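Residue numbers (the numbering used here), protein chains in the order written: chain A, 1 to 220; chain B, 221 to 440.
In this text, a Cβ means the ideal position worked out from N, Cα and C, and glycines have one as well.
Since the model is a prediction, treat every value here as computed from it, not as a measurement.
Number of protein chains: 2
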Amino acid sequence: MAENENTNSERSVPDPVLNRIPLYLRIAEDLQGRGVETVSSRKLAQALGLTDGQVRADLVFFGAFGRPGVGYQTQHLVTELRRVVGIDRAQPVVLIGFGSIGRALTMYEGFEKRAFEIVAVFDRDPEKIGRPAGKCVVKDVSTLPEEVARLGVSMAILAVPAEAAQRLADQLADAGVTGLMNFAPAALKLPDHVAVMNVDLMLTLERLSLRMKVANRLKR
Amino acid sequence: MAENENTNSERSVPDPVLNRIPLYLRIAEDLQGRGVETVSSRKLAQALGLTDGQVRADLVFFGAFGRPGVGYQTQHLVTELRRVVGIDRAQPVVLIGFGSIGRALTMYEGFEKRAFEIVAVFDRDPEKIGRPAGKCVVKDVSTLPEEVARLGVSMAILAVPAEAAQRLADQLADAGVTGLMNFAPAALKLPDHVAVMNVDLMLTLERLSLRMKVANRLKR
DNA sequence: CGATGTGAATCGTTTCACAGCC
DNA sequence: GGCTGTGAAACGATTCACATCG
Numbered sequence: 001m002a003e004n005e006n007t008n009s010e011r012s013v014p015d016p017v018l019n020r021i022p023l024y025l026r027i028a029e030d031l032q033g034r035g036v037e038t039v040s041s042r043k044l045a046q047a048l049g050l051t052d053g054q055v056r057a058d059l060v061f062f063g064a065f066g067r068p069g070v071g072y073q074t075q076h077l078v079t080e081l082r083r084v085v086g087i088d089r090a091q092p093v094v095l096i097g098f099g100s101i102g103r104a105l106t107m108y109e110g111f112e113k114r115a116f117e118i119v120a121v122f123d124r125d126p127e128k129i130g131r132p133a134g135k136c137v138v139k140d141v142s143t144l145p146e147e148v149a150r151l152g153v154s155m156a157i158l159a160v161p162a163e164a165a166q167r168l169a170d171q172l173a174d175a176g177v178t179g180l181m182n183f184a185p186a187a188l189k190l191p192d193h194v195a196v197m198n199v200d201l202m203l204t205l206e207r208l209s210l211r212m213k214v215a216n217r218l219k220r
Numbered sequence: 221m222a223e224n225e226n227t228n229s230e231r232s233v234p235d236p237v238l239n240r241i242p243l244y245l246r247i248a249e250d251l252q253g254r255g256v257e258t259v260s261s262r263k264l265a266q267a268l269g270l271t272d273g274q275v276r277a278d279l280v281f282f283g284a285f286g287r288p289g290v291g292y293q294t295q296h297l298v299t300e301l302r303r304v305v306g307i308d309r310a311q312p313v314v315l316i317g318f319g320s321i322g323r324a325l326t327m328y329e330g331f332e333k334r335a336f337e338i339v340a341v342f343d344r345d346p347e348k349i350g351r352p353a354g355k356c357v358v359k360d361v362s363t364l365p366e367e368v369a370r371l372g373v374s375m376a377i378l379a380v381p382a383e384a385a386q387r388l389a390d391q392l393a394d395a396g397v398t399g400l401m402n403f404a405p406a407a408l409k410l411p412d413h414v415a416v417m418n419v420d421l422m423l424t425l426e427r428l429s430l431r432m433k434v435a436n437r438l439k440r
């Protein structure tokens, strides 16, 4: 068995920290790509608009990989954070919904640059089934449960209309998916062991609009 | 120190509250559409997985529109929150970048259902310029500043490669844009009076992956 | 010296309890 | 009785200061 080296799981990690870890990884990767060998918490903080103390406190949640007097070795930081985030090896992902958003995702180059790979695409529309979608061919969504189980995928992207989202999310959870990126404007109800990240474009626009209004108020 | 007689305007609203307000609006709209006339803070809270006290506290930031013993009138709540969010009337938006994401956005029906309207689309690629994009025609991005100024738009969606994002963001800010939804994986530096919402798909996937690994989800 | 890791203090948000209104 | 609005308490996250190590 591949040992799960401890990973401090005793303590629950605050949500804001979970959101920042991938940001640190991105900076570290950028520095590594530019040949920078070490980086201080202060540098990391400046790049992200945070304080150096916060950076150190965040990183310590996942183990102390810095050296006093020196800083963090970018190579080491990248390796460790990739492992922490779970992208130290390729992650297979299934995509459900080949509408405008789904299509854009299959064309998006970012996936391969990072460690994610879309291994199957599903849609309900007979018109779309059989069409090429990136490296895949669109499959009938009715085969979703068996395909997901067969592929052993644990991550899914849901890009379907709101009405269909809950039912498909349930199917995915039943088939063993434990992580879901949801583009549908729906508040999915799922078991606690399934992680969900909602990407709701209209909601985001409204939040932006609200911030613009609030800022205007403060300005007066 | 002079007194501020403006009660709400000077008070800064916590970020988490700003994120939740559009959620309340969505629930209220749904209830209104189903003919429900009043709703309690408890009902709103249950629909979103919050506490009733939190809902009340949040809404009070923007004025007290509830009635003790009764609750909130959905009609009133919708009207007020639409105004608060700034979608009580149509909001013109410009879209920069007609790649896979930009194209998906022009096809997305959600915009018109909500109060946003894409009034101009820009790209750099001569191949794409002149092509239809929703109700618009793709314009040369070199005309961006004058077009934005002419249209008087204050909201923009940036769906271009990371390398081009900062320069275009600067142009947009100079042209009077005060709200920006950014799809590029770049940490934009902009004046404080410009609100930015980042939608970074790879970052979101990494945050999802990290949450799947941590699975520290203790009970509610 | 420079920079980390850490516990203590500070800050802000959420929760609670209750007074007041319907 | 039901429900809001509100100040106070509780909680959690961020900042700070410092001991420690390279």
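Excluding sequence positions up to five away, which residues of its chain have a Cβ less than 7 Å from the Cβ of residue i?
i, result
"Thr398(B)", "Ser374, His413, Val414 and Ala415"
"Gly35(A)", "none"
"Val361(B)", "Ile316, Phe342, Asp343 and Arg344"
"Val160(A)", "Ile96, Gly97, Leu168 and Ala184"
"Glu37(A)", "Gln73 and Thr74"
"Glu29(A)", "Val78"
"Val233(B)", "Phe281"
"Arg211(A)", "none"
Quick one: what's residue i bridged to in DSSP?
i, result
"Ile338(B)", "Val313(B)"
"Tyr221(A)", "No statement about residue 221(A) is possible, as the shown extent of chain A runs from 1 to 220 and does not include it."
"Pro352(B)", "Val357(B)"
"Ile377(B)", "Leu315(B) and Met401(B)"
"Ala162(A)", "DSSP, once it has assigned bridges, lists no residue as partnering Ala162(A)."
"Met197(A)", "Met181(A)"
"Asp343(B)", "Asp360(B)"
Verify the CB distance criterion: does residue i have a CB-CB separation below 8 Å to chain A?
i, result
"Gln274(B)", "no"
"Pro242(B)", "yes"
"Ala310(B)", "no"
"Ala415(B)", "yes"
"Val419(B)", "yes"
"Leu238(B)", "yes"
"Val298(B)", "no"
"Leu423(B)", "yes"
"Val358(B)", "no"
"Glu223(B)", "Summary for Glu223(B): the model assigns pLDDT 31, below 50, so the residue's position carries little reliability; its value from the coordinates is reported in the next sentence. So, not an interface residue."
"Leu438(B)", "Residue placement at Leu438(B) cannot be trusted, given a pLDDT of 39 that sits under 50; the coordinates are not used to answer."
Less than 8 Å between C-beta atoms, sequence neighbours within five positions excluded: which residues of the same chain meet that for residue i?
i, result
"Val357(B)", "Val341, Gly350 and Arg351"
"Leu410(B)", "Ala389, Asp390, Ala393, Leu400 and Val416"
"Leu203(A)", "Pro185"
"Glu147(A)", "Val94, Ala120, Phe122 and Lys139"
"Ala310(B)", "Ala335, Phe336 and Glu337"
"Val214(A)", "none"
Excluding the five sequence neighbours on either side, which residues of its own chain have a C-beta within less than 6 Å of the C-beta of residue i, listed in chain order?
i, result
"Ser429(B)", "none"
"Ile307(B)", "Ala335"
"Val55(A)", "Ser41, Leu44 and Ala45"
"Ala187(A)", "none"
"Ala395(B)", "Pro365, Val368 and Ala369"
"Gly286(B)", "Tyr292"
"Lys348(B)", "Phe318 and Val358"
"Ile241(B)", "none"
For residue i, decide whether its Cβ has a neighbour in chain B, counting only Cβ atoms nearer than 8 Å.
i, result
"Val84(A)", "yes"
"Phe98(A)", "no"
"Ser154(A)", "yes"
"Leu144(A)", "no"
"Ile129(A)", "no"
"Thr51(A)", "no"
"Ile87(A)", "yes"
"Val13(A)", "yes"
"Asn6(A)", "Annotation note: pLDDT 33 at Asn6(A) (below 50); position unreliable, no value reported."
What is the C-beta distance between residue i and residue j, in whole angstroms, given that I count them as a contact (C-beta under 8 Å)?
i, j, result
"Asp58(A)", "Val17(A)", "5 Å"
"Thr294(B)", "Gln252(B)", "4 Å"
"Val304(B)", "Phe282(B)", "5 Å"
"Val199(A)", "Val419(B)", "7 Å"
"Arg302(B)", "Leu378(B)", "Their Cβ separation, rounded to whole angstroms, is 25 Å, which puts Arg302(B) and Leu378(B) out of contact at 8 Å."
ask   = Between the stretch 205 to 216 of chain A and chain B, which residues of the former have a C-beta closer than 7 Å to a C-beta of the latter?
value = Per Cβ criterion, the list reads Leu205, Glu206, Arg207, Leu208, Ser209, Leu210, Arg211, Met212, Lys213, Val214 and Ala215.
query = Along the stretch 104 to 120 of chain A, what residues have a CB closer than 7 Å to any CB found in chain B?
reply = Listed by position along the chain: Ala104, Met107, Tyr108, Gly110, Arg114 and Phe116.
Interface positions of the stretch 30 to 42 of chain A facing chain B (Cβ-Cβ less than 8 Å), listed along the chain = The stretch 30 to 42 of chain A vs chain B, Cβ under 8 Å: nothing.
request  = Name, going along the chain, the residues of the stretch 165 to 179 of chain A whose beta-carbon falls closer than 8 Å to a beta-carbon of chain B.
outcome  = Listed by position along the chain: Thr178 and Gly179.
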